[in-house]
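Trainee: Residue numbers (our numbering): 58 to 667.
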Amino acid sequence: MRLIDYKIKGEPIRINVVETEDDLPAFQTFIERNRRLLGWDTETTGLDWWNHDRDFRIRLAQFGNARESFVLPAERGQVYRNAARWALWAAERLVAHNGTFDQHVAEHTLGVPLEKLAPKSLDSKITGHLVDGRKVKEGGPGLALEDQVAFYIDREAAKEIKGSMTAIAKELKVKKEDVWPIVPLDHPDYLLYAGADPMWAYRLLHIHLNRIKAKTKASGLLSWEHRLSHSTARMERRGVLLDVPYAEARVAELKEEEDKWVKVANGLGVEKIGSGRQIAAVLLADGIKLTKKTLKSGEWSMTDDVLSAIEHPLCEAIIKGKKASKQKGTWFENALKNRDSQGRIHPSINSLQCRTSRMTITGAFPAQTVPKGTSYVRHMLLADEGHNWCCTDYGNMELRGLAAWSGDPTMLKAFHENLDLHDMTATTAFGPMPEGGGHHPMRQYGKGANYTACFGGGWNAVHQQYGVPEKEARKVVSAFWETYPRAKALSKRLMDQARRQGGIYTATGRWIPVDVERPYAALNYFVQGSCRDITAQGILRIEKAGYGDFMRLPVHDEICFSFPKEHALELARETKLLMEYTVNGLLIPADPEIGERSWGDVIDLENSKH
DNA sequence: TCCGTTACGTA
DNA sequence: CGTACGTAACGGAC
């Protein structure tokens, strides 16, 4: 056994590194003594756990408590992997930071299924978020392990240990992301980095549990979030089937498009089409007057808006070339590169990520930013063989939520009687509806006011983003608050609470910090955070009802499914009912849309209706 | 190699 | 006093 002694805040800790089979009995003794709660972690060759049948490997498995840990050289042989597997089975409770990743690793390299690990797992990333979900830049702790350690435990140790992998990468002359498969298993700094992780998770958990607000705890969010992360981990494991020929054809097509416009731009003196500086230089040299500057660096602003308003052959080339290039990389190449041996992609679903608790989807397919209104990208994702793709989305979720949680009678009446809220706001500001039916001529302005108010904005935001003239914008925004006085009261109550206590509770009892200088954000945090929990409860109810295997992706107010064709209608109906939720007597409806095979088919179907 | 900035996509 | 994100490219700092 190799021993590494280290100090956290002057207090000694010990890392036991298992080197031979003779060291295993001591490991087993440690696990048996600490089985009630074990911190754990794995080190791997990369993040692509779905390539476990190709070149992905587990390298180390680590277990520990607050002051002592063991590192198993899992890569070196089955006997060590068996020891790790045994420990995972033996533990009564486990805690890891961002543990769903390690659960995927354990399932595929150690043979312990998610279903075995998840029910007894705690995640210090989740508990940390329940205390304070803000990023470092926002003045919060940050959610990454290093940030959490720096904030809650030991700033110096966090810095040192985080820096150690960067230093090793430098020493081995590779990029940091490429260091993981090649760092020698006996590298002392690697072992310190790895051996400290389970201790960090263990300590963080206890620190968090003492700091989660009593109200949040009482509302049961701790168990709810862990069950949700188990469900999203199952979605990650299942993955989504990729239409490989389609994606490949789009890559070829977009490459041609990109090349064509790059050539045009090159001919006009722009070498890199992504360089705003170069574009501005050419335009200025050709006598074009530029007016808009960027906020921080004060460079000429070169957005699509600016470019499309200029008559110059370069502008079209830049807009189209950049678009083709970005689409090619972000969607098609990324998915192709990240597909597993079965042609499936496994986006990373972060079940509790944003400041407001919303989920995010990153990696192989950043699903929450796929272009809407076109099926071009979405055709790449397929339902399983013999299945239909189905999207079920909540209708008007945030405004319905605002109506229900504020209890505003006018807003509630509008939804109960199926009136158009945008028309209603427009009516208050600009006079009665036209005779003979149809929408209010100023409906767009009403819509702008409705959404902007819900997001915490004022007349200027409506003016800028919806192109509403200043006078009308002022009028429609003040009309909003006059028409819906209880919404105003809710906003005021939340702002008062934010000023007094530094944050607000959502409808589900979740604590969200609010910056003192931006109290107007409180209403949006409340609505966004509470709505996220409606989607989350939908996911959990679907899982509980036994339909979890059909879920593919959660996209804020929408869940995507792959349903077997012969039962698609009935499954869509069942899951819709499970998603729907009544808040203070107001239904938040969910509407399924069944397409043919791909996600794009659903969009084509919707478009054909209009 | 790392990181801040700009830009653009979504709910 | 509009909110919340992720990704790509660029270009200066190290």
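C-beta: ideal position from N, C-alpha, C; glycine also.
Please report the distance separating the alpha-carbon of V193 from that of A593.
Mentor: Spanning the two alpha carbons is a distance of roughly 26 Å.
Trainee: Say the cut is 7 Å; is the CB of R575 nearer than that to a heavy atom of the ligand COA?
Mentor: Among the components of this structure there are no ligands whatsoever, and the ligand COA is therefore not found.
Trainee: Mind reading off the beta-carbon distance from R557 to G586? Whole number of angstroms is fine, and I expect it under 8 Å.
Mentor: Not quite, the Cβ-Cβ distance comes to about 19 Å (not below 8 Å), so this is no contact.
Trainee: What does DSSP give as the partner residue(s) for A153 in the beta ladder?
Mentor: D180, per the DSSP bridge assignment.
Trainee: Can you tell me where the beta strand (DSSP E) with T449 in it begins and where it stops?
Mentor: First-last of the beta strand (DSSP E) with T449: 444-451.
Trainee: Any idea which residues DSSP pairs R556 with across the strands?
Mentor: Paired residue(s): none; R556 is not in a bridge.
Trainee: Per DSSP, which residues does W357 bridge with? Please list them.
Mentor: In the DSSP output, where bridge partners are listed per residue, W357 has K350.
Trainee: Return the first residue and the last residue of the alpha helix (DSSP H) that E68 is part of.
Mentor: Note, E68: premise wrong, no alpha helix (DSSP H); beta strand (DSSP E) at 68-74.
Trainee: I'd like to know whether the C-beta atoms of A140 and L95 end up nearer to each other than 8 Å.
Mentor: No, the pair does not count as a contact, with Cβ atoms beyond the cut-off.
Trainee: Is the stretch 292-308 in contact with the stretch 323-337, if contact means three or more CB pairs nearer than 8 Å?
Mentor: No: fewer than three Cβ pairs fall under 8 Å.
Trainee: Apart from the five residues just before and just after V162, which ones in its own chain have a Cβ nearer than 7 Å to its Cβ?
Mentor: These residues qualify, in order along the chain: T99, T101, W106, I115.
Trainee: Quick one: what's V128 bridged to in DSSP?
Mentor: Answer is V74, Q119, bridged to V128.
Trainee: Can you list the alpha helix (DSSP H) stretches of 4 or more residues lying completely in the stretch 169-234, in chain order?
Mentor: List check, alpha helix (DSSP H) in window: 171-174, 181-188, 202-209, 212-228.
Trainee: Output the distance between the C-alpha atoms of E650 and C447, rounded to the nearest integer angstrom.
Mentor: Near 6 Å, if we compare the C-alpha coordinates of C447 and E650.
Trainee: From which residue to which residue does the alpha helix (DSSP H) around P649 run?
Mentor: First-last for P649: 647-651, but that is the beta strand (DSSP E), not the alpha helix (DSSP H).
Trainee: Under the rule that 16 or more other beta-carbon atoms within 10 Å means buried, what is A366, buried or exposed?
Mentor: Answer is exposed; the Cβ neighbour count stays below 16.
Trainee: State the DSSP-derived secondary structure class of M608, mapped to helix, strand or coil.
Mentor: It is a strand residue.
Trainee: Alpha carbons only, please: which of M437, W538, I561, Y63 is nearest the one belonging to R401?
Mentor: The shortest Cα separation from R401 among M437, W538, I561, Y63 belongs to M437.
Trainee: Just curious, the beta strand (DSSP E) that V533 is in, first and last residue?
Mentor: Counting along the chain, V533 falls outside any beta strand (DSSP E), though it belongs to the alpha helix (DSSP H) covering 527-540.
Trainee: What runs of the alpha helix (DSSP H), each 4 residues or longer, lie entirely inside the stretch 394-463?
Mentor: Here the runs fully enclosed are 454-463.
Trainee: Is Y638 near I591, with beta carbons less than 8 Å apart?
Mentor: Yes, the pair counts as a contact, with Cβ atoms nearer than the cut-off.
Trainee: Quick check on the burial criterion: 16 or more other C-beta atoms within 10 angstroms. Buried or exposed for P498?
Mentor: Label assigned to P498: exposed.
Trainee: How far does the alpha helix (DSSP H) with Y577 in it reach, from first residue to last?
Mentor: Y577 -> no alpha helix (DSSP H), and no H or E assigned at all.
Trainee: Check whether the stretch 245-257 and the stretch 158-172 are in contact - that is, three or more C-beta pairs closer than 8 Å.
Mentor: The stretch 245-257 is not in contact with the stretch 158-172.
Trainee: Please work out which residues of its chain come closer than 8 Å, Cβ to Cβ, to D572, disregarding the five sequence neighbours upstream and downstream, and give them in chain order.
Mentor: E195, G196, A578.
Trainee: Please tell me whether D211 and P198 are closer than 8 Å, where the distance is taken between their beta carbons.
Mentor: For D211 and P198, no; Cβs fall outside 8 Å.
Trainee: Considering W97, what are the terminal residues of the beta strand (DSSP E) in which it resides?
Mentor: Note, W97: beta strand (DSSP E), 95-101.
Trainee: Could you check what DSSP says for R59 in three-state terms: helix, strand or coil?
Mentor: Of the three classes helix, strand and coil, the one that applies to R59 here is strand, per DSSP.
Trainee: Which residue comes first and which comes last in the alpha helix (DSSP H) that contains S619?
Mentor: It is not in any alpha helix (DSSP H) - S619 instead sits in the beta strand (DSSP E) that spans 615-621.
Trainee: In the structure shown, what three-state DSSP assignment does L298 receive?
Mentor: Correct three-state label for L298: strand.
Trainee: Considering only residues of the same chain and omitting the five flanking positions on each side of K320, which have a CB-CB separation below 8 Å?
Mentor: None.
Trainee: To which residues does DSSP link T639 through a beta bridge?
Mentor: Per DSSP, L644.
Trainee: Between the stretch 219-234 and the stretch 113-129, do three or more beta carbon pairs fall short of 8 Å?
Mentor: Not touching, per the Cβ criterion.
Trainee: Report back the beta-carbon spacing between V136 and S181 to the nearest angstrom; my notes put them in contact at under 8 Å.
Mentor: Between S181 and V136 the Cβ distance is about 29 Å, and since that is not below 8 Å, they are no contact.
Trainee: Give me the Cα-Cα distance between P82 and L262, rounded to the nearest whole angstrom.
Mentor: So the alpha carbons of these two residues sit roughly 28 Å apart.
Trainee: Which parts of the stretch 289-339 are runs of the beta strand (DSSP E), unbroken and 3 residues or longer, counting only runs that do not cross its ends?
Mentor: For the stretch 289-339, whole beta strand (DSSP E) runs of length 3 or above, ordered along the chain, are 297-299.
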